[in-house]
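So the sequences go chain by chain: A and B.
Take the first sequence: its position 116, counting from 1, is numbered 116 in UniProt numbering, and each next residue is one higher.
Take the second sequence: its position 61, counting from 1, is numbered 61 in UniProt numbering, and each next residue is one higher.
Number of protein chains: 2
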Amino acid sequence: MTSEQSKSDISRARILDAAAKMFRQKGYAATTLIEIARAAGMQAGSLYYHFGSKDELLEEVLDIGMRRVHEAVEESQERLPADSSHRDRIRVAVEAHLTTLLKHDDYTSANIRIFGQVPEEVQQHHIRQRDAYAELWRHIFTKAQKSGALSSDVNLGVVRMLLMGALNWSVEWYRPGRTSIQAIADHMCLMLFNGVGIEEPAQSRENETVT
Amino acid sequence: MTSEQSKSDISRARILDAAAKMFRQKGYAATTLIEIARAAGMQAGSLYYHFGSKDELLEEVLDIGMRRVHEAVEESQERLPADSSHRDRIRVAVEAHLTTLLKHDDYTSANIRIFGQVPEEVQQHHIRQRDAYAELWRHIFTKAQKSGALSSDVNLGVVRMLLMGALNWSVEWYRPGRTSIQAIADHMCLMLFNGVGIEEPAQSRENETVT
DNA sequence: TCGTAAATCTAATGTACGTTCGAAACATGT
DNA sequence: ACATGTTTCGAACGTACATTAGATTTACGA
Chain A
1 MTSEQSKSDI SRARILDAAA KMFRQKGYAA TTLIEIARAA GMQAGSLYYH FGSKDELLEE
61 VLDIGMRRVH EAVEESQERL PADSSHRDRI RVAVEAHLTT LLKHDDYTSA NIRIFGQVPE
121 EVQQHHIRQR DAYAELWRHI FTKAQKSGAL SSDVNLGVVR MLLMGALNWS VEWYRPGRTS
181 IQAIADHMCL MLFNGVGIEE PAQSRENETV T
Chain B
1 MTSEQSKSDI SRARILDAAA KMFRQKGYAA TTLIEIARAA GMQAGSLYYH FGSKDELLEE
61 VLDIGMRRVH EAVEESQERL PADSSHRDRI RVAVEAHLTT LLKHDDYTSA NIRIFGQVPE
121 EVQQHHIRQR DAYAELWRHI FTKAQKSGAL SSDVNLGVVR MLLMGALNWS VEWYRPGRTS
181 IQAIADHMCL MLFNGVGIEE PAQSRENETV T
C-alpha cells in the first residue's frame with residue numbers, strides 16, 4: 001500500500017490494456033475472458049476480483065477510449081493561441097483525433113470499431129459521452145462557418161460526419177511505417193479546405209497555376 | 001421443380017437476408033443461428049440443409065455484399081458516355097457506392113461493418129475480392145490524376161482511403177429521411193474536388209470571390 | 001515471525017450455442 | 001393414390017463460455 005500504484009491498480013491496468021487490445025482486434029462477443037486473462041497474465045476467474053462482469057469491463061474500456069480522444073481534441077484547442085485562424089483550429093483537432101486513434105491507443109480505436117455492435121444496454125450508457133464529443137466538433141465547425149472560414153451553403157452536419165468517417169475509418173487500414181499520421185492529417189485538411197480537384201482543362205483557358 | 005424459384009432457393013434467400021440483416025446489426029459472433037432461423041421462419045437445425053456451417057453462411061453474405069457494390073460501381077462507369085469528365089466518373093462512382101451501401105443493402109453494409117472482426121480464415125478467403133474492388137477505385141483515381149483532373153502532388157492512396165472511409169462510415173450514422181443519399185454524395189464530391197474552406201479574410205486582400 | 005488483508009488460483013456450475021441426425025411433413029411426378 | 005425426393009422439425013450432444021466460491025498464495029504492517 002506504500003507505492004502510489006498498488007498491485008491492484010497495476011493488475012487492473014493490465015487487464016484493461018489486454019481487453020482494449022483484443023476487443024479492438026476481434027470485437028466484443030468474439031473475445032473471451034480466458035484470452036483477456038491470459039494476455040494479462042492471470043486466470044479468468046481472477047478478473048472478477050477487479051471487475052464485476054465482462055460487460056463492466058467493456059464499459060470501462062469504452063469510457064476510457066472516448067475520454068482520451070475527447071481530452072486530446074479539447075487540449076488541442078486550449079493549447080492554441082486565442083487568435084488562431086479557424087483553419088488552424090480545425091487542423092489541430094484533426095491531428096489530435098487522428099493521433100489518439102492511431103498511436104498506441106487501443107481504447108479509442110476499440111471504442112470506434114466495436115461500439116455499433118455492443119449490447120444495446122451498454123450503448124445507452126455511453127450515448128451522453130458520445131454526444132458530448134460530437135458537440136465539441138460541432139462547436140468548432142459552427143464557429144468556423146459563422147466567421148466565414150467554411151462555406152455557408154453546405155450542411156455542416158454532413159461535412160462533419162464525412163470528416164469523422166474519413167478519420168475513423170483509418171483504424172481499418174492504417175499500418176505504422178507506411179504513411180505518417182501527419183501526412184494523413186495533412187491530406188484530410190487539404191481535402192476539407194481546398195479539395196484535390198483541378199479545373200478540368202476541358203477547353204483549356206489559363207494553365208498558369210498547374211505545374 | 002417447375003418454378004424457376006424452387007422452394008429451396010426461396011428459403012436460402014430468406015436465410016441469407018436474415019443473416020445479413022443481423023450480422024450487420026449485431027456483428028457476427030453476437031448473432032446466433034437461432035435468431036437467424038427465427039427471422040427466416042424456421043428452426044435452427046433446418047439451416048443446415050442449406051448451409052454447411054455458420055461460417056459458410058457468413059462467407060456467402062460477405063461475398064454477396066462485396067459483389068453488389070463492385071458491380072454497382074462498375075456499371076456506373078459503363079453507363080457513362082465514353083468522353084465523360086473524370087469528375088463525373090468519380091461522382092457517379094461515389095453515388096453508386098453510397099447508394100448500394102445505404103439503400104436496402106444489408107449485405108454490403110454487413111460486409112463493411114463486420115469484416116474486420118470476422119475469423120481470420122474467413123478474411124483470407126475474401127482478400128482477393130476486396131483487392132479487386134480497391135483496384136477498381138485505384139484505376140478511376142489514377143486515370144483522373146494522370147489526365148490532370150486531380151492534383152498531381154497528393155498521395156492518391158491516402159486520398160482514396162479517406163474517401164472510402166467517409167463513405168463507409170455513413171453506415172454508422174445514416175438514417176433514412178434526414179439527409180438524402182444524393183445530398184451526402186454531393187457534399188462528398190464537393191469536399192473532394194473543391195473543399196469547403198473559404199479564403200480567410202485574415203488581413204483581407206481581395207474580397208471579390210466571396211459572397 | 002506472525003497475522004491479516006489483498007490478490008490470485010482452481011475447480012465446479014449452469015447455460016447458451018453450433019451442430020448432428022433420424023423422424024415427420026411436404027411437394028411432385030406417375 | 002402411391003412413391004420418391006425435398007424440406008423442415010425436434011430433440012439430443014458436446015463444447016465453450018461467463019460466472020461463482022472456497023482454497024491458496026502473496027504482500028506487508030506490527
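Glycine included, every Cβ here is placed at the ideal spot set by N, Cα and C.
This structure is a prediction, so every number in the text was calculated from the model and none was measured.
Item	Value
Backbone secondary structure at residue 80 of chain B - three-state DSSP	coil
Host alpha helix (DSSP H) of residue 199 of chain B (start-end)	Counting along the chain, residue 199 of chain B falls outside any alpha helix (DSSP H), and DSSP gives it neither H nor E.
Inter-stretch contact at 8 Å, needing at least 3 Cβ pairs: the stretch 89-102 of chain B / the stretch 181-201 of chain B	yes
At least three beta-carbon pairs within less than 8 Å, the stretch 109-126 of chain B to the stretch 39-54 of chain B	no
Members of the stretch 177-195 of chain B near chain A, C-beta cut-off 8 Å	179, 183, 184, 187, 188, 190, 191, 192, 193, 194, 195
Residues bridged to residue 150 of chain A (per DSSP)	B/197
Top-ranked residue by Cα proximity to residue 152 of chain B, from A/29, A/176, A/196	A/196
Near-chain B residues of the stretch 137-159 of chain A (beta-carbon distance less than 8 Å), N- to C-terminal order	148, 149, 150, 151, 152, 154, 155, 157, 158, 159
Minimum length 4: unbroken alpha helix (DSSP H) runs contained in the stretch 104-191 of chain B	106-114, 120-146, 156-168, 170-173
Exposure of residue 79 of chain B, with buried meaning 16 or more beta-carbon neighbours within 10 Å	exposed
Exposure label - residue 104 of chain A; buried when at least 16 CB within 10 Å	exposed
Beta carbon of residue 179 of chain A nearer than 8 Å to that of residue 168 of chain B	no
Exposed unless 16 or more other CB atoms sit within 10 angstroms - verdict on residue 213 of chain A	Limits of chain A in this structure are 1 at one end and 211 at the other, which puts residue 213 of chain A out of reach.
Any C-beta of chain B under 8 Å from that of residue 168 of chain A	yes
Nonlocal neighbours in the same chain, by C-beta distance under 7 Å from residue 86 of chain A, ignoring five residues either side	143, 144, 147, 149
Any chain A beta carbon closer than 8 Å to residue 66 of chain B	no
Contacts around residue 136 of chain B, its chain only, beta-carbon distance under 8 Å, and the 5 residues preceding and following it disregarded	70, 73, 74
Below-8 Å beta-carbon distance, residue 87 of chain A vs any chain B residue	yes
Spatial neighbours of residue 99 of chain A in its chain, beta-carbon cut-off 6 Å, leaving aside the 5 residues before and after	181
Where the alpha helix (DSSP H) containing residue 49 of chain B begins and where it ends	47-50
Selected residue, minimal CA-CA separation from residue 23 of chain B, among A/6, A/117, A/28, A/124	A/117
Exposure label - residue 15 of chain B; buried when at least 16 CB within 10 Å	buried
Residues that residue 113 of chain A contacts on chain B, provided the C-beta gap is smaller than 8 Å	116, 117
Near-chain A residues of the UniProt DNA-binding region "H-T-H motif" (32-51) of chain B (beta-carbon distance less than 8 Å), N- to C-terminal order	none
Same chain, Cβ closer than 6 Å to residue 174 of chain A, five either side skipped, listed in chain order	102
For residue 100 of chain B, three-class secondary structure by DSSP	helix
Validate contact between the stretch 119-135 of chain B and the stretch 49-60 of chain B using beta carbons, cut 8 Å, 3 pairs	yes
Residue 128 of chain A burial status per 10 Å Cβ neighbour count (16 or more: buried)	exposed
Start-to-end residues for the alpha helix (DSSP H) that takes in residue 22 of chain B	7-26
Helix, strand or coil at residue 66 of chain A according to DSSP, with G and I counted as helix	helix
Integer Cβ distance of residue 177 of chain A from residue 166 of chain B, believed to fall under 8 Å	In fact, because the Cβ distance is near 24 Å, the residues do not count as touching under 8 Å.
Three-state secondary structure (DSSP) of residue 34 of chain A	helix
8 Å Cβ cutoff, residue 203 of chain B in contact with chain A	Low local confidence applies: a pLDDT of 45 at residue 203 of chain B is under 50, so the model's placement there is unreliable, and no value is given.
Residue 39 of chain B in three-state terms, based on DSSP	helix
For residue 29 of chain B, three-class secondary structure by DSSP	coil
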